[in-house]
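The numbers in numbering that gives the first Met the number 0 rise by one with no breaks, and the one at position 80 of the sequence shown is 79. Let me begin by presenting the structure, written as C-alpha cells, before commenting on it.
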Amino acid sequence: MKAIYCDVCRNQIPEIIINRTFFPVGHFEICEECRDNLESAVKNTVREKKPFDYAWFDDLKMKVLEQAVDKGHIESPKRR
Ligand SMILES: [Zn+2]
C-alpha cells in the first residue's frame, strides 16, 4: 500500500479515509488538521466578500492552499 503524505505539513496520513482523515483538494492531498486550517483561513476571507460565489471561493481556496504548500503550513488570519 502506498503511503500518503499531506502536501502541506508533509506528515504521513496513517489511515486513509477519504473526507475523514484525508482530503483531496484540487490536485493536492491534505490531512484533517491542514484541512481545518484551510477552511478557517478561507472562511475569514469569505465573510468580507458578498455575494457568495462558488467559483471564486474555489479559486481562493486553491490560492491559499498553494501558498500553504510552499510554506509548509497554512497561514491562518486568526493566528496572533
Ligand atoms: Zn497536513
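Quick reminder that beta carbons are idealized off the backbone N, C-alpha and C, glycines included.
Q: Identify, in the order they occur along the chain, each residue of the same chain with its Cβ nearer than 8 Å to the Cβ of N18, setting aside the five sequence neighbours on each side.
A: none
Q) Is there at least one non-hydrogen atom of ligand 1 closer than 7 Å to the beta-carbon of N18? A) No; taking the cut-off as 7 Å, the Cβ of N18 has no heavy atom of ligand 1 nearer than that.
**Q.** DSSP state of V24 mapped onto helix, strand, coil
**A.** strand
Q. DSSP on C30, reduced to helix/strand/coil?
A. Strand.
Q: Determine the burial state of I16: buried for a count of at least 16 other Cβ atoms within 10 Å of its Cβ, exposed for fewer.
A: exposed
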